[in-house]
Every structure is written in C-alpha cells, then in structure tokens.
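Letter 196 of the sequence shown, counting from 1, is numbered 273 in our numbering, and no numbers are missing.
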Amino acid sequence: MIALNLSKPFLKWAGGKTGLLPQIIPHIPAKIMGTYYEPFLGGGAMFFRLQPERAVLSDSNAELINAYVQVRDACDRLIQRLHGHQHLHSQAYYYQVRGQSLQLLTDIERAARFIYLNKTCFNGLHRENKSGQFNVPIGSSKTPWSVDKEGIKAASLALQDAEIVCRNFKDFPKHDLKDQDFVYLDPPYQSVSKTSDFTSYTRDGFTGGDQVSLRQLFGFLDSQGVPVALSNSDHSFVREMYDQWAIHSISARRNINSKSDGRGCVGEVLVTANCREEK
Ligand SMILES: C[S@@+](CC[C@H](N)C(=O)[O-])C[C@H]1O[C@@H](n2cnc3c(N)ncnc32)[C@H](O)[C@@H]1O
Numbered sequence: 078m079i080a081l082n083l084s085k086p087f088l089k090w091a092g093g094k095t096g097l098l099p100q101i102i103p104h105i106p107a108k109i110m111g112t113y114y115e116p117f118l119g120g121g122a123m124f125f126r127l128q129p130e131r132a133v134l135s136d137s138n139a140e141l142i143n144a145y146v147q148v149r150d151a152c153d154r155l156i157q158r159l160h161g162h163q164h165l166h167s168q169a170y171y172y173q174v175r176g177q178s179l180q181l182l183t184d185i186e187r188a189a190r191f192i193y194l195n196k197t198c199f200n201g202l203h204r205e206n207k208s209g210q211f212n213v214p215i216g217s218s219k220t221p222w223s224v225d226k227e228g229i230k231a232a233s234l235a236l237q238d239a240e241i242v243c244r245n246f247k248d249f250p251k252h253d254l255k256d257q258d259f260v261y262l263d264p265p266y267q268s269v270s271k272t273s274d275f276t277s278y279t280r281d282g283f284t285g286g287d288q289v290s291l292r293q294l295f296g297f298l299d300s301q302g303v304p305v306a307l308s309n310s311d312h313s314f315v316r317e318m319y320d321q322w323a324i325h326s327i328s329a330r331r332n333i334n335s336k337s338d339g340r341g342c343v344g345e346v347l348v349t350a351n352c353r354e355e356k
C-alpha cells in the first residue's frame, strides 16, 4: 500500500513549482472545501503537494494530458512499456523515438514515449517546432535513467479521482466555479529578458495577448469570489496588469535556459485574490 503523501510529479517539467511551494503555500487557502482547478498543469507540483479530494486538471498539451490519463488508468501497462525504453535507451534510440509518428502509436505507447523523452531530454524541456514536433535534444546526464516504478504508482493513486482534460485556458469553465473552489494559474511566463525567453511549450507559444486574456480570467474569478492564485515572472508588465491585487514576491532559481547567463536567481510573483491576502 502506497501512502498518498509520497506522490510527486512524475515528469521533470520546465517551470515546475516544487522548489517554490514553501513560499507559495502560505498565501493560498489553508483548506480547499470545493474543487481544485489547475489549468496549466505541466508537472503538476501543486496538485501532488495538495492532493485535494476533488480536482480538475488541464493543459493544452495533448501528449502531456494523454500521459496523465494513462498514469491514472493504465499504470502497470505503462510501466511495462517504460521498462522497454529503459532497456533500449541510447543516443540513437532517443532520436529514433523522438522522430516517431504519433498517429501510428496507441495511447499507451504515446504516453510511454512522452515520459521517456521527458526523462532523457535536455533539462526536461518541452519545446515544439512550428509543425508541433517535439524538438528538444537528448540531455547530457551521466546518470543512467531508470523507471521510477513506485513514483508512477504513487502518482497514479493520487490521480484516481481527478478529472483530466486537454484544454486551452481560454476554454476554462469559469462560470461553473464556486467560492469554495480554488484555482492555481501557472502559465508560461512573461519573459524578463531575451536570454530567459521560454514561452514555447506549445507550437503557438504564449503571447502578450494570452497574458491579457489570462488577466481577464483572473479578474472574472475574483469578481465571483473564487479564490485564485497566479504565478508569473517579476516583470513590470505583470505587476502593472495585476496592480489591483495582492502581489507577493517569490525568489526563484530557474534552470531552463541553454545560455548560462539566463540561469540563477530571478524574481517571480504570486498574485492572489480571495485567498488569505491583505492588499
Ligand atoms: C509553467 S508550466 C506549468 C508548470 C507546473 N505548474 C508545474 O509545477 O510543473 C506552463 C504549462 O502551461 C501549458 N500551456 C501553454 N499554453 C497554454 C494554453 N494556452 N492553455 C493551457 N495550457 C497552456 C504548457 O503546456 C505548460 O505545461
């Protein structure tokens, strides 16, 4: 029997929040009485930490969402497939799997491919070219990759009652939410400099217009009394957009750029409404 609190992200996700949770959690509701919503799921660090009873998890990345569904529903078969990748792993094999045509694969095969590439690629990046093809090179890790069987099983258990949906945040069901719910928004960040630009999780990227639409969603949820928190970079554009709400400074160490001058400590912010804040 696996204890629920052992579960953690089963993916290595650029922009993942695990390291920042101790700074974020004191600002969000102490207890979620309703449903937890995470519309930019990625590695789902917040979900795995909170382990809410009811959760709706979504992301616009269809391969990511398929991986979550397979972890939830077909964990053992998925682990078996992953062992197959582990056995064959090499540089040549990585590029062979990366070049596979998704249309020819079953859902389980796609999920195993996605997790294998995520674990062995450079820095857990997910970047796509203009045709939607995953194009991150192999990572340089000296430690051989092995399947984290117990980790995947624990994640599967934590996900059992979660609703998992592939959806653009623009289709978020904002009218259905109540004031006992909680929404955590962790979008691709507004870039702080040319070297730290990383907005290409999907082929369409995340534009300034998307940041404005997200601000509208945040404002709507606040107007309905729904507790909501949003992470973003500490950028004047972000601070101006959210200046009517409580903005908490979060210090972060990011490691998602290939250029060394894009690494190190950069500021982030957490904007909250209807949580525990005093403006
Ligand atoms: C910063 S990451 C989230 C990281 C996550 N909180 C974690 O702890 O790993 C942003 C996520 O937003 C997703 N995304 C990008 N554009 C989106 C959109 N328009 N709608 C929904 N999700 C989107 C990406 O696929 C990516 O998984």
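Just so you know, even glycine gets a beta-carbon here, dropped at the ideal spot from N, CA and C.
For residue 309, does the count of other Cβ atoms within 10 angstroms reach 16, so buried, or fall short, so exposed?
Buried: at least 16 other Cβ atoms inside 10 Å.
Considering residue 136, what are the terminal residues of the beta strand (DSSP E) in which it resides?
In this chain, the beta strand (DSSP E) harbouring residue 136 covers 132-136.
Pop quiz: residue 216 and residue 199 are said to be a contact at Cβ under 8 Å. What is the actual Cβ separation, rounded to whole angstroms?
Contact holds; Cβ gap of about 5 Å.
The beta strand (DSSP E) that contains residue 243, what's its start and end?
Looking at the DSSP string, the run of the beta strand (DSSP E) that includes residue 243 is 240-243.
Is any heavy atom in ligand 1 found nearer than 7 Å to the beta carbon of residue 94?
With a cutoff of 7 Å, residue 94 counts as near ligand 1, since its C-beta is closer than that to a heavy atom of the ligand.
Looking at residue 110 and residue 237, is the spacing between their C-beta atoms short of 8 Å?
Cβ distance not < 8 Å, so residue 237 and residue 110 don't count as in contact.
Hey, quick one: how far does the beta strand (DSSP E) through residue 261 stretch, first residue to last?
Where residue 261 is concerned, the enclosing beta strand (DSSP E) stretches over 259-262.
May I have a chain-ordered list of the beta strand (DSSP E) segments no shorter than 3 residues that lie completely inside the region 102-147?
Within the region 102-147, the complete beta strand (DSSP E) runs of at least 3 residues are 113-115, 132-136.
Sort out for me which residues DSSP pairs residue 325 with in a bridge.
According to DSSP, which records beta bridges pairwise, residue 325 is partnered with 347.
Assigned exposure category for residue 96 - 16 Cβ within 10 Å defines buried
Exposed: under 16 other Cβ atoms inside 10 Å.
Less than 7 Å separating the Cβ of residue 120 from some heavy atom of ligand 1?
Yes - ligand 1 has a heavy atom lying nearer than 7 Å to the Cβ of residue 120.
In three-state DSSP terms, what is residue 306?
Looking at residue 306 - three-state DSSP - the assignment turns out to be strand.
Which ranges does the alpha helix (DSSP H) cover as unbroken runs of at least 4 residues, wholly within the region 137-217, from first to last along the chain?
The alpha helix (DSSP H) runs of length 4 or more contained entirely in the region 137-217 are, from start to end of the chain, 139-150, 152-165, 168-175, 184-197.
Helix, strand or coil for residue 92? Go by DSSP, reduced to three states.
DSSP places residue 92 in the coil class of the three-state scheme, outside both helix and strand.
Should residue 151 and residue 185 be called a contact, given that it needs their Cβ atoms to be closer than 8 Å?
Yes, they are a contact pair.
When DSSP labels each residue in this structure, what does residue 300 get in the three-state scheme?
Three-state DSSP puts residue 300 in a helix.
Contact between the region 82-96 and the region 115-134 (3+ Cβ pairs under 8 Å):
A contact exists between the region 82-96 and the region 115-134.
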